[in-house]
Amino acid sequence: GFESFKKNSLEQLLINLSNEHLQQQFNNHVFKQELADCATEGVSPPPDLGFKDNSESLVLIDGRGGILDLLEETLSLPKANNGQYVSKVLKQQAEHPRFIASKFS
């Protein structure tokens with residue numbers, strides 16, 4: 001499942017990312033399709049059909065210009081380092097609604 005540790009690894013990020021993609025598939029298949037069907041049939045959707053759409057999180061992580069894209073870009077540079085990567089992420093994702101900057105140890 002989704003796990004969060006005091007210090008996460010790239011491996012854990014990729015595991016969580018895979019889980020988020022599976023959750024999005026489920027949301028699209030079950031919830032979004034149900035809402036589309038209701039709209040097509042002119043029926044009000046059930047009031048308790050609330051769900052969390054994780055699309056913004058997926059774009060933040062693996063979308064164009066997302067944190068994985070920035071990692072790949074940084075790694076292609078000679079003498080790239082963690083500081084360069086963190087600076088790019090902080091600069092380019094600062095306004096993203098799902099991005100929360102934290103202190104790095």
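Using full-length UniProt numbering, count along the sequence shown one by one with no gaps and you end on 105. Backbone N, C-alpha and C define an ideal beta-carbon position, used for all residues, glycine too.
Straight-line Cα distance separating residue j from residue i
i    : j   : result
S9   : N82 : 14 Å
R98  : P78 : 30 Å
S55  : H96 : 12 Å
V30  : N16 : 21 Å
P45  : N27 : 15 Å
V86  : T40 : 45 Å
L22  : A36 : 20 Å
S105 : L13 : Caution applies to S105, whose pLDDT of 48 falls short of 50 and renders its modelled position unreliable; the value that the coordinates give is listed next. Spanning the two alpha carbons is a distance of roughly 17 Å.
Residue span of the alpha helix (DSSP H) that contains residue i, given as start and end
i    : result
I100 : Looking at the DSSP string, I100 is not in any alpha helix (DSSP H), and its letter there is neither H nor E.
A39  : Q33 to E41
S21  : According to the sequence shown, residue 21 is His rather than Ser. Unbroken alpha helix (DSSP H) run through H21: L10 to N27.
K88  : N82 to Q93
V59  : S55 to D62
L68  : I67 to L75
7 Å CB neighbourhood of residue i in its chain, flanking five on each side removed
i   : result
V89 : I67 and L70
A80 : T74
F51 : N27 and F31
G65 : Q92
Spatial neighbours of residue i in its chain, beta-carbon cut-off 8 Å, leaving aside the 5 residues before and after
i   : result
E73 : K88
L62 : It is worth fixing the name first, because residue 62 is Asp in this sequence and not Leu. For D62, where only same-chain residues beyond five positions count, the Cβ hits under 8 Å are L17, L68 and D69.
S57 : E20 and R98
Cβ-based neighbour list, residue i, same chain, cut-off 6 Å, excluding 5 preceding and 5 following
i   : result
Q93 : F99
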